[in-house]
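A.B. asks: One structure follows; several queries about it will come next.
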Amino acid sequence: TRGSMLTCSLDIKWPDWQVYAWAAALQVPALVICHAAGALVFAAMKRGSRAPLIPLALSLAVFPLWAFPEAARRMGSSAAADAQLGFFCAATNFAFAVFRTLEVWWGTQPAAASLSLASWQLYFNAAIDPRYDTAKALVPAPGALSRHLTRLPPRMLVIGALCSITDGHDAGSPLSKLLASVAIGDFWRMTLSNLVYSVGLWLFLALTFDLGGVPILAQGVDVTAAFANPVFGSRSPREFWGKRWNRQVNALLRRVCFSPLKARIGGAAAALATFACSAAFHEYQFALSLPGYALGRASVFFACMGGLTFAQALLEKFLSRYLPGARTAYSLCPTIIQVAVNMTLIGPFGHLFVEIWRDHGMLDTIARMVPTVPCAFT
Numbered sequence: 052t053r054g055s056m057l058t059c060s061l062d063i064k065w066p067d068w069q070v071y072a073w074a075a076a077l078q079v080p081a082l083v084i085c086h087a088a089g090a091l092v093f094a095a096m097k098r099g100s101r102a103p104l105i106p107l108a109l110s111l112a113v114f115p116l117w118a119f120p121e122a123a124r125r126m127g128s129s130a131a132a133d134a135q136l137g138f139f140c141a142a143t144n145f146a147f148a149v150f151r152t153l154e155v156w157w158g159t160q161p162a163a164a165s166l167s168l169a170s171w172q173l174y175f176n177a178a179i180d181p182r183y184d185t186a187k188a189l190v191p192a193p194g195a196l197s198r199h200l201t202r203l204p205p206r207m208l209v210i211g212a213l214c215s216i217t218d219g220h221d222a223g224s225p226l227s228k229l230l231a232s233v234a235i236g237d238f239w240r241m242t243l244s245n246l247v248y249s250v251g252l253w254l255f256l257a258l259t260f261d262l263g264g265v266p267i268l269a270q271g272v273d274v275t276a277a278f279a280n281p282v283f284g285s286r287s288p289r290e291f292w293g294k295r296w297n298r299q300v301n302a303l304l305r306r307v308c309f310s311p312l313k314a315r316i317g318g319a320a321a322a323l324a325t326f327a328c329s330a331a332f333h334e335y336q337f338a339l340s341l342p343g344y345a346l347g348r349a350s351v352f353f354a355c356m357g358g359l360t361f362a363q364a365l366l367e368k369f370l371s372r373y374l375p376g377a378r379t380a381y382s383l384c385p386t387i388i389q390v391a392v393n394m395t396l397i398g399p400f401g402h403l404f405v406e407i408w409r410d411h412g413m414l415d416t417i418a419r420m421v422p423t424v425p426c427a428f429t
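Position in the sequence shown counted from 1, then plus 51, gives you this note's numbering.
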């Protein structure tokens, strides 16, 4: 509006080293335990014995439920707040180890990952999947590691800019005031705000996967791309969740849940079961890293997303049968229109997820990871 503007000072708040220090420190015991578990899984795999796998997966899942709260209690509230990123990453490590143990139980693990104990440990403990062909791990292209590293600073700067304009995460934040000044309805303000936060969470998760990919690339093994421009490239909810958003977790869920169940209960039911499994993964992750988290909040969001993708599948089946011309006509629409429609469908639900991170301090932890500046909308 006339006379209003977004202003930012140059009083830069630099990343907090304690957040990274605690994250690195908590990775050590998590990786030691997961390496030991990986050796046991590899031994069971080579013996062709499935019997130890379920008890081992349960042990890996249950141990952090005792160990993490006990560690946080001994740290004290201040240090535990500094260690939130560490707990988040360590919880992810244990969850990934559980998934990969279950892959062996189903027999869906990458064949090339199990050629030797060394290759299995690399896969079992990887923060992001190494890439394989049928016989071996793929070697990265020349300069891949340096290109990977050069992505980190600009990504941190963009996350920092988004953290700066959303600081406060309430009606008084610069973003909220900016959107309030625009003559649009509350629905569109909420949707646009959710999309801004979605970009921030996308870039934060991509940053963590990029950091996790560095040691794998340094060993001469290529890694998968964790995201594929999900917000600005997805033309439908199914494309967003199935092909573009968090492809790392998507691949794990596909091997552990979707692929084994599809032949048994059909694709649509398997997709809904995969959303349920994704909800369980996030419930576990949040319970271990977000103090005071109330179980069930993440499940509400993923139930909505599962319902949205299921509705899309039903609509596509209906149109294919009764109105094939309408489906063809929509598919010929410019990509920008299809992306905008997808944003309109998914965007209104984003606060169900974002508010979890806001209420339990995770958005503030992300802001401490990157350079930020004070901003105001006046």
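Cβ atoms here follow ideal geometry from the backbone N, Cα and C, with glycine treated the same way.
Taking just the CA atoms, how far does I63 sit from T52?
C.D. replies: If you number the sequence shown from 1, residue 52 lands on position 1. If you number the sequence shown from 1, residue 63 lands on position 12. Bear in mind that the predicted position of T52 carries a pLDDT of just 44, short of 50, making it too unreliable to give a figure here.
A.B. asks: Distance, Cα to Cα, T201 vs V265?
C.D. replies: Counting from one through the sequence shown, the residue named residue 201 turns up at place 150. Counting from one through the sequence shown, the residue named residue 265 turns up at place 214. Roughly 11 Å separates the two Cα atoms.
A.B. asks: Please list the segments of the alpha helix (DSSP H) lying wholly inside the region 261–328, counting only runs of 4 or more residues, in order along the chain.
C.D. replies: If we require 4 residues or more, the alpha helix (DSSP H) runs fully inside the region 261–328 come out as 281–284, 298–304 and 310–316.
A.B. asks: With burial defined as no fewer than 16 other Cβ atoms inside 10 Å of the residue's Cβ, what is the status of I316: buried or exposed?
C.D. replies: Here residue 316 is taken as the residue at index 265 of the sequence shown, counted from 1. Per the 10 Å Cβ criterion, exposed.
A.B. asks: Are the region 195–213 and the region 174–184 in contact at 8 Å, needing three or more beta carbon pairs?
C.D. replies: Output reads no: the region 174–184 does not touch the region 195–213.
A.B. asks: Does the beta-carbon distance from L104 to V113 come in below 8 Å?
C.D. replies: Within the sequence shown, the letter at position 53 stands for residue 104. Within the sequence shown, the letter at position 62 stands for residue 113. Not a contact, by the Cβ cut-off of 8 Å.
A.B. asks: Here's the rule: buried if 16 or more other CB atoms are within 10 angstroms of the residue's CB, otherwise exposed. What is W171?
C.D. replies: The sequence position of residue 171 within the sequence shown is 120, counting from 1. Buried, by the Cβ-count rule.
A.B. asks: According to DSSP, Y183 sits in a beta bridge with which residue or residues?
C.D. replies: Along the sequence shown, one-based indexing puts residue 183 at 132. In DSSP, Y183 forms a bridge with A188.
A.B. asks: Beta carbon of L339, beta carbon of A164: below 8 Å?
C.D. replies: By 1-based counting over the sequence shown, the position of residue 339 is 288. By 1-based counting over the sequence shown, the position of residue 164 is 113. No, the pair does not count as a contact, with Cβ atoms beyond the cut-off.
A.B. asks: So, do the region 386–393 and the region 325–343 have three or more beta carbon pairs nearer to each other than 8 Å?
C.D. replies: Verdict: no, contact absent.
A.B. asks: Identify every residue that forms a DSSP beta bridge with L57.
C.D. replies: Mapped onto the sequence shown, residue 57 falls at position 6. BP columns for L57 point to F428.
A.B. asks: Between which residues of its own chain and R286 is the CB-CB distance below 7 Å, once the five residues before and five after are set aside?
C.D. replies: The residue labelled residue 286 in the question sits at position 235 within the sequence shown. For R286, where only same-chain residues beyond five positions count, the Cβ hits under 7 Å are T386, Q389, V390 and N393.
A.B. asks: Keeping to the same chain, check which residues put their C-beta closer than 6 Å to that of T429; ignore five residues upstream and five downstream.
C.D. replies: Taking the sequence shown and counting its residues from 1, one reaches residue 429 at position 378. Nothing listed; no residue qualifies.
A.B. asks: Enumerate in chain order the residues of its own chain whose CB-to-CB distance from F147 is below 7 Å, with the five nearest sequence positions on each side excluded.
C.D. replies: Counting from one through the sequence shown, the residue named residue 147 turns up at place 96. The residues are L303.
A.B. asks: By the three-class DSSP mapping on this structure, what secondary structure does T52 have?
C.D. replies: Walking along the sequence shown from the start, residue 52 turns up at place 1. For T52, the pLDDT reaches just 44, beneath the cut-off of 50, and the residue's location in the model is therefore unreliable, leaving the point undetermined.
A.B. asks: Return the first residue and the last residue of the alpha helix (DSSP H) that S110 is part of.
C.D. replies: Walking along the sequence shown from the start, residue 110 turns up at place 59. That run of the alpha helix (DSSP H) goes L104 to M126.
A.B. asks: I want to know whether the region 151–159 touches the region 121–141 - three or more CB-CB distances under 8 Å.
C.D. replies: Too few Cβ pairs lie closer than 8 Å, so no.
A.B. asks: Hey, could you find the ends of the alpha helix (DSSP H) G158 is sitting in?
C.D. replies: As a working mapping, residue 158 is identified with position 107 in the sequence shown. Run containing G158: none; DSSP gives neither H nor E here.
A.B. asks: Determine, using beta-carbon pairs with one atom in the region 339–349 and one in the region 397–408, whether at least three such pairs fall under 8 Å.
C.D. replies: The region 339–349 vs the region 397–408: in contact.
A.B. asks: With a CB to CB cut of under 7 Å and the five nearest residues on each side skipped, what residues in its chain are close to L370?
C.D. replies: Walking along the sequence shown from the start, residue 370 turns up at place 319. Closer than 7 Å at Cβ, skipping near neighbours: A377 and R378.
A.B. asks: Does T423 come out as helix, strand or coil in the three-state DSSP assignment?
C.D. replies: Translated into the one-based positions of the sequence shown, residue 423 becomes position 372. DSSP places T423 in strand when its eight states are reduced to three.
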